[in-house]
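**Student:**
Number of protein chains: 2
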Amino acid sequence: MDPFDQKKKSIVDEIESTLGDIKDASPKGSIDELCIPIIRLINSHQDLVTTSSCSGRVSVFLEGNKVRSNTTESDLTDKMDVKIGGKGDGGNWLFVTHDKNQLTNWWKDYQFNFNRQPSDELPLSTRYILFKFEPLILHIKCRDFKSASLVYQTAMNCGFRESGIGVNNIVAIRISIKLDIPIGYLNENEQHDLFISEEYLRLVTNLSLDRFNENEKKLAQLHKAFDVNIINKVEEKEEKVWESKQERAERMKREGLEKRRLKQLQEEEKLKQLAEQMEIDNKPDQ
Amino acid sequence: MDPFDQKKKSIVDEIESTLGDIKDASPKGSIDELCIPIIRLINSHQDLVTTSSCSGRVSVFLEGNKVRSNTTESDLTDKMDVKIGGKGDGGNWLFVTHDKNQLTNWWKDYQFNFNRQPSDELPLSTRYILFKFEPLILHIKCRDFKSASLVYQTAMNCGFRESGIGVNNIVAIRISIKLDIPIGYLNENEQHDLFISEEYLRLVTNLSLDRFNENEKKLAQLHKAFDVNIINKVEEKEEKVWESKQERAERMKREGLEKRRLKQLQEEEKLKQLAEQMEIDNKPDQ
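Same order as they appear, the protein sequences are chains G and A. Going by our numbering, the letters in the first sequence line up with residues 2 to 287, in that order. Going by our numbering, the letters in the second sequence line up with residues 2 to 287, in that order.
(1) Considering Cα atoms alone, identify which of S120(A), D121(A), E191(A) is closest to G65(A).
(2) Could you list which residues in chain G have their beta carbon closer than 8 Å to that of K179(A), in chain order?
(3) Which residue's Cα is closest to the Cα of V97(G): L63(G), L42(G), R252(G)?
(4) Given a cut-off of 9 Å on the beta-carbon distance, is the pair S56(A) and L180(A) in contact?
(5) Are the CB atoms of K133(A) and V61(A) nearer to each other than 9 Å?
(6) Could you tell me the alpha carbon to alpha carbon distance between G185(A) and Q222(A), rounded to whole angstroms?
(7) Along the beta strand (DSSP E) that carries R58(A), what are the first and last residues, could you check?
(8) Using 9 Å as the threshold, is the C-beta distance between L208(A) and P119(G) below it?
(9) Just checking: is the beta-carbon of A173(A) within a distance shorter than 9 Å of some beta-carbon in chain G?
(10) With DSSP collapsed to three states, give me the class of V152(G).
(11) Which residues share a DSSP beta bridge with V50(G)?
(12) Which whole-angstrom value is the C-beta distance of C143(G) and L49(G), which I expect to be below 8 Å?
(13) Any idea if T105(A) is buried or exposed, counting beta-carbon neighbours within 10 angstroms, 16 or more meaning buried?
(14) Does any heavy atom of the ligand SAM sit closer than 8 Å to the C-beta of D14(A)?
(15) Taking a cut of 8 Å between CB atoms, which residues from the region 183 to 213 of chain G lie near chain A?
(16) At the level of alpha carbons, what is the spacing between G149(G) and T206(G)?
(17) Start and end of the alpha helix (DSSP H) containing F227(A)?
(18) For the beta strand (DSSP E) that I174(G) lies in, which residues bound it at each end?
(19) If you draw a straight line from the alpha carbon of I166(G) to that of S18(G), how long is it in whole angstroms?
(20) Mind pulling the chain A residues with CB within less than 7 Å of E64(G)?
(21) DSSP on T127(G), reduced to helix/strand/coil?
(22) Can you tell me the Cα-Cα spacing of E248(G) and K254(G), whole angstroms?
(23) Taking the DSSP output, what are the residues bridged to P183(G)?
(24) If we cut at 9 Å on Cβ distances, does S164(G) have a partner in chain A?
(25) Assuming the contact rule is C-beta atoms closer than 8 Å, F196(G) and R117(G) should be a hit. Round their C-beta distance to whole Å, please.
(26) Got a sec: which bits of the region 106 to 120 of chain G sit with their beta carbon under 7 Å from any beta carbon on chain A, in order along the chain?
(27) State the Cα-Cα distance for the pair E199(G) and D228(A), rounded to the nearest angstrom.
(28) Report back the beta-carbon spacing between H193(G) and N114(G) to the nearest angstrom; my notes put them in contact at under 8 Å.
(29) Could you tell me which of K260(G), R203(G), E34(G) sits nearest to W107(G), measuring between CA atoms?
(30) With N44(G) as the anchor, note down where its beta strand (DSSP E) starts and where it stops.
(31) If you reduce the DSSP assignment to three classes, tell me which class D6(G) lands in.
(32) Apart from the five residues on each side of it in sequence, which residues of its chain come closer than 7 Å, Cβ to Cβ, to T155(A)?
(33) I want to verify the contact list: residues of chain A whose CB lies under 8 Å from the CB of V152(G), in sequence order.
(34) Just the chain D side, please: which residues come within less than 9 Å of E259(A) by C-beta, in chain order?
(35) When you compare each of D145(G), D33(G), S53(G) to A173(G) by their alpha carbons, which one comes out closest?
(36) Any idea if S31(A) is buried or exposed, counting beta-carbon neighbours within 10 angstroms, 16 or more meaning buried?
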């Protein structure tokens with residue numbers, strides 16, 4: 002088996018075993034439900050395999066510590082030692098959902114202090130709370146540059162304008178319908194002070210719902226484009242001949258039989274090779 | 002001249018003539034000042050040419066009309082006919098700056114109504130006002146896939162994690178330090194109602210300033226990485242022999258003479274070819 006096929010098999014096996022789990026129990030940490038159809042569609046093509054995916058999400062993130070242990074606040078005047086949106090050093094998600102149905106009144110379970118407008122400028126070390134909508138992102142490993150280019154072009158044509166090809170023919174499919182809103186900060190008593198009103202939080206939550214819907218629409222468009230342009234592409238040179246219902250039924254049957262016969266032949270061939278291999282393996286050294 | 006060199010020459014000529022203008026008068030519509038050093042550095046490499054750039058900016062955008070002319074508000078219930086963040090149909094920038102020094106109190110010239118919290122849910126056709134910080138973006142056309150891969154890898158290593166290679170070996174260099182905040186909407190009297198307080202607008206403006214600084218830091222890092230890894234890369238195989246000041250001076254002179262002689266030879270060759278070509282062109286048809 003060549004390296005691509007080998008890699009693909011191991012990825013697809015893992016995906017399918019994960020999907021098995023979903024039906025049983027925990028959907029957490031596994032594949033986003035909305036992505037499953039397009040993942041299966043893409044993986045049905047011999048030259049493509051999905052390596053990661055996120056169907057889109059709303060998250061509320063508390064930034065980590067920004068000040069390095071050997072830096073004091075007064076050292077920060079040149080603004081060179083502050084890391085924006087830092088995930089390390091205690092940054093953590095207060096809320097994450099990939100499911101638009103989980104958005105209604107999500108903040109009711111949280112101890113947010115609304116309408117806290119700091120009178121002075123906040124120090125550079127402030128750990129902000131960021132409300133984000135992040136759209137669909139999909140990584141696809143392709144067998145060669147030619148197939149990567151086709152995947153890239155298909156995504157760009159659907160409006161995924163921030164897509165790109167990376168190393169090893171992995172295509173990242175990205176779109177820019179985002180929200181990135183600083184809504185508050187961690188106050189000196191480690192409480193969540195929000196700059197905004199509850200009405201504003203409701204409003205941006207509703208706008209996230211609109212973006213989830215837009216995102217689903219784009220995902221459907223991408224699915225269709227993959228289907229038509231790549232997976233089930235009809236070669237243009239192929240002549241299309243009109244056929245009656247009966248003719249079609251007969252052709253399907255014929256093609257089905259042909260396929261089955263071919264598979265049988267392949268299996269016989271495999272068995273033959275296996276037998277030969279065993280013969281070679283068992284031969285005493287000469 | 003091969004097609005890449007031809008394309009590169011025309012782009013560089015245009016850039017340089019634009020830069021000439023800056024010194025004279027209007028900086029508007031031309032190249033961002035912060036980008037000029039990295040553009041010149043990149044274009045000094047024979048296999049690379051910059052095709053577009055933006056050093057980063059703050060913008061306040063009023064969305065265009067979202068409802069198609071043949072659609073009424075009541076048709077919008079399936080949320081399928083609404084375009085989010087639409088630029089067409091009357092969308093326009095209320096404010097744009099690429100210069101962090103232009104941020105202080107920028108809103109004072111505008112007729113914003115602060116603290117207007119709509120009591121009811123806004124209709125789907127609402128034209129929102131979006132406050133955005135968009136970081137550095139740079140497009141570089143490369144001679145071949147090999148040089149595109151090197152550019153891509155260099156950018157990724159500097160944390161420009163949303164970079165990617167597109168068609169024709171054009172690399173897009175992108176980073177994700179953004180802000181994307183719906184701050185208000187166009188009310189029924191065509192006025193700009195903001196959901197937020199003036200203090201909050203000041204706060205996100207200050208956060209944009211931090212992002213401008215972070216962005217500059219990343220730009221400097223990218224500049225250095227291009228310089229060291231691509232433009233002035235010292236071949237690892239090259240043996241470094243210690244030389245005295247005098248030896249160095251002699252070597253420089255020798256190499257200079259060699260270079261001049263080579264250039265002279267090339268020019269003589271060119272003249273010879275030109276003469277031959279003229280001879281061929283002037284020959285009567287046989």
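C-beta: ideal position from N, C-alpha, C; glycine also.
**Tutor:** Short version:
(1) E191(A)
(2) K179, D181
(3) L63(G)
(4) no
(5) yes
(6) 36 Å
(7) 58 to 63
(8) no
(9) yes
(10) helix
(11) K142(G)
(12) 6 Å
(13) exposed
(14) No copy of the ligand SAM occurs in the structure displayed, which carries no ligand at all.
(15) P183, F196, I197, S198, E200, Y201, L204, V205, N207, L208, D211, R212
(16) Reading off the sequence shown, one finds Ala at residue 149(G), where the question assumed Gly. One C-alpha to the other measures close to 36 Å.
(17) 199 to 227
(18) 171 to 175
(19) 28 Å
(20) Going along chain A, no residue has its Cβ under 7 Å from E64(G), so there is no contact; the nearest lies around 11 Å.
(21) coil
(22) 10 Å
(23) L131(G)
(24) yes
(25) 7 Å
(26) Q118
(27) 49 Å
(28) 7 Å
(29) R203(G)
(30) Element bounds for N44(G): not the beta strand (DSSP E) but the alpha helix (DSSP H), 37 to 44.
(31) helix
(32) A226, F227, N230, I231
(33) Simply none; closest approach about 12 Å.
(34) The structure shown contains no chain D; the protein chains it does contain are G and A.
(35) S53(G)
(36) exposed
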